[in-house]
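All remarks here apply to the structure that follows.
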Amino acid sequence: MGCAGSVTAPITPTQTLPHQGGGLKRLALALVLLVAGCGDDPPVPDFGDPERGRAVIARYECGACHRIPGITGARGKVGPPLAGFARRAMIAGTLPNRPEALLAWLRDPPAQVKGTAMPALGLSEQEAGDAAAYLYTLR
Amino acid sequence: MSRLPDPRPRPPEELEQLQEVWRQPGGWRLASAVNNTYVGVFYIGTALLFFVLAGILALLLRIQLAVPENDFLSQATYNQVFTMHGTMMMFLFAVPAVEAMGVYLLPNMQAARDLPFPRLSAYAFWAYAVGGLAFFCSLFFGLAPDGGWFMYPPLTSSEHSPGHNTDFWLLGIGFIEISAIAGAIEILVGVLRTRAPGMTLDKLPIYSWAMLVFAVMIVFGFPAVILGTALLEIERSFHWPFFIAEKGGDPLLWQHLFWFFGHPEVYIIFLPAAGFVSMILPTMCGTRLVAHRWVVLALVATGFIAFGVWVHHMFTTGLPKLSLSFFSAASMAVAVPSGIQVFAWIATIAKGRLRLTVPSLFVLGFLAIFTLGGLTGVMVAMVPFDGQTHDTFFVVAHFHYVLIGGMVFPLFAAFYYWAPTASRRALSERLGKWCFGLMFVGFNIAFFPQHVAGLMGMPRRVWTYPAELGWGWINMTSTVGAFILGLGALVFLIDLARNFRPFTGGNAGNVWNAGTLEWLPGGNYATRSIPIVTSLEPLWDQPDLAREVDEGRYYLPGAPTGRRETIVTSAIAAEPQYLMQMPGPGWPAVLAAWFTAAFFLLLTVKLVTPAMVCGVIALALVLRWMWDTDLGPAHPPVDIGGGIVLPVNCSGPMSHSWWAVVVLILVAGAVFASLLFSYFFLWTVSPDVWPAATGQALPGAEWPLAAAALLVLSSALVWWAGRRLEADGHWSVRLGLAAAAVALAAALAAELAGQRATGLSPTDSGYGAVVYMMAALQGLFVATLGIMALYTLARSLAGLLHRHRRATFDNTMLLWHYAVGQGLIALAVVHFGPRVL
Amino acid sequence: MAETDRRFFSGLLRIGAGPALWAAHLGLVYGVTAVACARGAGGVAAPTVVGLTLAAALGAGWIVGRELRRARAGPAGTRTSFFAAALAGLSLVAILWAGLPVVFVSACP
Amino acid sequence: MRRHTFTRFAEALPAAVLAACSGPQSPLDAGSDEAAGIAILSWVMFAAAGLILVAVLALAAAAARAPAEQPRWATREGWVVAAGLVFPIVMLSALLAWGLSITGGGGGASSPPAAFRIAVAGEQWWWRVTYLGPDGSALFSTANELRLPIGQRVEVDLTSADVIHSFWVPGLAGKLDMIPGHVNTLPLVAGRAGTWRGQCAEYCGGAHALMAFTVTALPAPDFERWMAAQAAPAAEPDNAEGRRGRALFLASGCGACHAVRGTPASGTIGPDLTHVGGRPTIGAGLLPTQRGTLAAWIVDPGHLKPEVRMPPFPVFRGEDLRALAAWLESLR
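Chains as they are written, first to last, in my numbering: chain A, 773 to 911; chain B, 32 to 868; chain C, 128 to 236; chain D, 121 to 452.
Rendered as structure tokens:
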């Protein structure tokens, strides 16, 4: 895609998700999203760099639990797959999928959702930002 | 001999009769053909099929390795696929392919009408084709072997590989063992005894030399793996602990047996290919091979020294460094003959004027690739260097350079070179150049980087690797190269489909202006008449030879006895000795192969009763096929032309069947020697399970003495029966044979009873296992000779055995004396051994 | 056995003599070392290997000399002599190479 | 046309070989005198082989160029004998003598006595590592990592618990097989501080590809500290999560296979976990040791490493899993 490297705003739960519509509608939505993503006013996030995020995700072996597109060998089945993460409505089924929520979640999951199995891996703020940036490239 | 070529006109009906006698069956009956020009082509085609299948497996492996941490193939699938790739390439492609080329080419090159045992060729081919395909299909059921192509126990023991997968490997190898030995006997006797008159060893084509060494190497090399696979299967099925360390076996015994075969195996594959090159280059350069005798010497020397390098596959097993160094030295020695050949070829190119045809290109590609493979071979022969590169991709690269460079490229050269002798059209030079270019470039892109991968620490047989080791780009390059190589092979298949037209009764003729006899015009019967050979390249030295041969002006221009026949010649001087009658198309050998295949397959999946039924049917079919052999002097002596009158068929030491039995005995002797080695090897590593340490009682001296006496008696009875046969004393012969069989069986029973009386069981320890294995091997001979005795009796009762028709008896007698000798040595070792060691 | 077959087998023996000597030497030095090391008698290995190597090398050298003399004596069987001498010569090199490790490598680890 | 292909091929040779001279698992990236000696041998052989290859190909190319008249050397048998027989024998004699002197250099009386011994057993598909005291008794057991004092000679006794494996740390020494019924001894001397990756080099079935380990060379004082720490029992957890993790570990039967010294867990089937948190990797080089990877491993090891002997434990969820992983991570 032409927009590789840029990061688009996450889909908020209020938006209609593409897979909920019919074929044509889905296509139209996809196009809209594509345009939105590649438009000239992308909300460039200041929280991280997706390329660095890729390395963070590899370093912390997130792939041991998650299937993550673009990360070598990330095929874990313990946690949910992260393909299309940018279009997810929720994080861990309870948090809204917004950058600030994701950042907090990545830094300390149990603090956000008490019963989660995902441990706090000790990501720094910078690392969490980069990882989040990468995750938002997964459309 | 001076009266040839005979200028007189030939009788008009002669050619017609020759054609009629050698006519092939049409339609589906084609499968019953036994003639080398048919079976040879089937055989080569099947080998090529396995090359393609195993090549596809290789591409799957390369896709999996292209990027780090890939999951294109699962771990379990990858392990099966690499095992199958190696096993199929070595056992179902390489050995059969060179053997098949031999079956196809040798008779033509030596102007014989066929190899001496056409039905044996057919049997070997069908057993291989049916067994090989069944073996391949095990992949689709997840039953394919997954222990690597050299199947090291204890990974392949019943404890660590409880499934049928390993049994399928043993089955697949069983077939190749059968067909390789059968082929070796055929080729050895064929090269030595069915040559054109005058084709002395000096004038023997270099390819025949290569095949002679090839066959001898199979005779001495395969027995080690035959015994090894037998021991492993017996351990898996009956728990005789040959390789189980806790019970006094040793996993290293397998490695010795396997590599004693496995290293010569590489040369078994390479020498025939070197033979191709030494045939093709002189033609393409229009000149004789430089240093011809040195090239022959190199072939023979390689054949010997190849047996002294097996331990260099075991440099990292912890053997004493001094022991390793002996084999390091031997590995250096085996490189020397290859050097001679390479420079002889270069000198030949320089001497002549090389035409850059497709065969030439493949030969040049071979030279480049094989030279590098040889150089890395010297490197891995250095013990310290091997410690780092053994079992890495460096070694993978090395042996692909040696095997693809040393065997596949010459084989493709041979395909392009000799296709015109089998097909109405030659293969395409244009497509062939594409094929070569893609294969050469693809090969080097695929395999050169693997040296680097190995030097970066990548072990072989890994289904995945971590990204951070930095092996990704190398593997991706290699994968791209593999696909280019595959594309080259595909171009070849397209060329075959477009241009290869065999079995049409005609061929494209001597398109390269070659000098050797396979380029003589002819049909199924080979050449119309069989020339006197006076030089290495008769077609160059006698410009009219082709025409004269085709006009029937030389030996045996027709089929004087009304059957298929060929001239049997003496081994050195190639003087005509007798005329051998040969069988035509027939089903017994073909069906016997099918039932043999069914027997092994059913046994593998433990369907014992149906397996036994198939086994008995196969045996019956083999006996049925044998029944038509040993024809005796079925026809009065025949004038083959040139003033030579030859007897028809023959018994005794001059007969081709006697030579075949001698070769078979060499095989049996090598199996037995491997077993003796196993005995002493296990004693060396595990003296703690030997009677001296365990206090295990030994059978009293009366048992082995009784057994020995019975063995000697049995031999004496057979010898006496042979004397009586000379006087046509039929009842004495029958009684003598029957009594000898009883004595032979009784000797075995005495040995078993003696061992049983001490309470020793084969499952106790490595010692018990190897002691009973000696008896088991003897038991195999008792059973075989029992059947042969019954068969000889039956022939005697049917009136087919008498003074002048006694090859059946002679062959049985020969094997009998061997079995007695083997039994005596076994008794001495088993009973003296523990007392003195 | 026909005269021609006898010639075949005697030729075979002459040609095979050198390599057979090499094979016997290799088998013996390997076997001696293996048994000596397995039985904790590493000391006997090196002198035995030296002795065996000298004996085998002398044997191979003798075959080379004899076959070369035969080749000079007459044209009959020159080819056999060539093969026998050359193979024995190569075997001589291989025997010396196989004996060389004793100089550098101690017998057992 | 041919000549060009050959030349290009010959030119590509050294460049490609050079690329291989480094990497975490490269034998040419030597960390010991032994590996350095082999690396020198390797480079000399590569250079000689390159030269010989180029010479042979150049000769073949010259021969194939179809000259107007045939070169005189071409027809002479003597030339073939000189180039194909005499030259190889001279070259190989020299190489053999040199190679043998390197082979013989490793052991022998001249080398210093071993400082201590380590027993390493290959098991499908991990490495059981036991440090031995002067009397041969086990000091402590760890898995998938070795630590060595720099410059000291250590002897590693290699055995196998099941099938044949091969112990290989390319940066330090050549490989040596681990064969049931045999004890092979590999001397190791790390010449400098560093961490090297090793990997099983003999195909051992199933997860052979995923059977790696690390060797770390430390200065003597650091090494002594590490030895003392390893010999000590597992640390008492200092927080509630840790205590919960330990209780779960003990209550769930993990101790049937794993030992954690200082607790009742004393299984010997799997690796000793007394100081698992301090090891660089889990799963035999598979993943770095952290609480996340530990958690993933506990729940579904077979997904990360197919055919692994450890069964999956999906019974641990949520906070339990976190606690267990956190406790294991704390065992440094």
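We treat Cβ as the ideally placed atom computed from N, Cα and C, and that holds for glycine.
Checking the DSSP bridge columns, you'll see Arg847 (chain A) partnered with A:Arg839. The beta carbon of Gln48 (chain B) lies closer than 8 angstroms to those of Gly589, Ala590 and Gly593 in the same chain, with the five residues before and after it left out. In the three-state reduction of the DSSP assignment, Gln350 (chain D) falls in the helix class, which pools H, G and I.
Taking 9 angstroms as the threshold, the shortest C-beta distance from Ile190 (chain C) to chain B does not fall below it. Using a CB distance cut-off of 9 angstroms, Val134 (chain B) does not count as an interface residue toward chain D. Put simply, of B:His270, B:His287, B:Met685 and B:Leu151 the residue whose alpha carbon is nearest the alpha carbon of Ala255 (chain B) is B:His287. With a beta-carbon spacing of about 16 angstroms, Tyr135 (chain B) and Ala213 (chain B) fall beyond the 8 angstroms limit used to define contacts. Here Leu741 (chain B) is not near Ala772 (chain B), since their CB atoms are 9 angstroms or more apart.
Trp180 (chain B) and Leu283 (chain B) have their alpha carbons spaced roughly 16 angstroms apart. Counted as a single uninterrupted DSSP element, the stretch harbouring Ile435 (chain B) is not any alpha helix (DSSP H), since DSSP gives it neither H nor E. The continuous alpha helix (DSSP H) containing Leu775 (chain B) extends over residues His761 to Ala788. Sequence-ordered contacts of the segment 409-433 of chain D with chain A read Gln410, Arg411, Gly412, Thr413, Ala415, Ala416, Trp417, Val419, Asp420, His423 and Leu424 [C-beta pairs closer than 8 angstroms]. In terms of beta-carbon proximity, Pro228 (chain C) lines the interface with chain B, with at least one pair separated by less than 9 angstroms.
By the rule that beta-carbons nearer than 9 angstroms mark a contact, Glu833 (chain A) touches chain D. The three-state secondary structure of Thr388 (chain D), taken from DSSP, is coil. Collapsing the DSSP output to three states places Trp721 (chain B) in coil.
With contacts defined by Cβ atoms closer than 9 angstroms, Leu179 (chain D) and Ile505 (chain B) do not form a contacting pair. Runs of the alpha helix (DSSP H) lying entirely within the segment 158-191 of chain B, each at least 4 residues long, are absent.
Taken through DSSP and simplified to helix, strand or coil, Pro441 (chain B) comes out as helix.
Its chain contains Leu262, Ile265, Pro793, Thr794, Gly799, Ala800, Tyr803 and Met804 as the residues whose beta carbon lies nearer than 8 angstroms to that of Trp271 (chain B), once the 5 sequence neighbours on both sides are disregarded; these appear in chain order.
Residue-level contact by beta carbon fails for Thr279 (chain D) and chain C, as no gap is shorter than 9 angstroms.
At a cut-off of 9 angstroms between beta-carbon atoms, Arg847 (chain A) makes contact with chain D. Note on Cys168 (chain B): under 16 other CB atoms within 10 angstroms of its CB, so exposed under the neighbour-count rule. By the neighbour-count definition (other C-beta atoms within 10 Å, threshold 16), Lys425 (chain D) is a buried residue. For His285 (chain D), the enclosing beta strand (DSSP E) begins and ends at His285 to Phe287.
In the structure shown, Gln884 (chain A) adopts helical secondary structure according to DSSP, grouped into three states.
Cβ neighbours of Gly503 (chain B) within its own chain (closer than 7 angstroms, five residues either side excluded): Val98 and Pro99.
In the structure shown, Leu79 (chain B) falls within a helical segment according to DSSP collapsed to helix, strand and coil.
Taking a contact to require three or more Cβ pairs closer than 8 angstroms, the segment 152-159 of chain D and the segment 283-300 of chain D qualify as touching. The shortest C-alpha to C-alpha distance from Ser566 (chain B) to any of B:Glu596, B:Ala539 and B:Ala605 is the one to B:Ala605. Rounded to the nearest angstrom, the gap between the Cα atoms of Gln727 (chain B) and Phe289 (chain B) is 31 angstroms. Note that the segment 314-323 of chain B does not touch the segment 354-368 of chain B; fewer than 3 beta-carbon pairs, one per stretch, sit closer than 8 angstroms. Straight through space, the alpha carbons of Asp440 (chain D) and Trp200 (chain B) are spaced by roughly 47 angstroms. With 16 or more other Cβ atoms inside 10 Å of its own Cβ, His328 (chain D) counts as buried.
Leaving aside the five residues that flank Glu549 (chain B) on each side, the residues in its chain whose CB is nearer than 8 angstroms to its CB run, in chain order, Leu136, Asn139, Met140, Trp449 and Thr452. Taking C-beta separations shorter than 8 angstroms and ignoring five residues to either side along the sequence, the partners of Pro56 (chain B) in its chain run Ser63, Ala64 and Pro616, following chain order.
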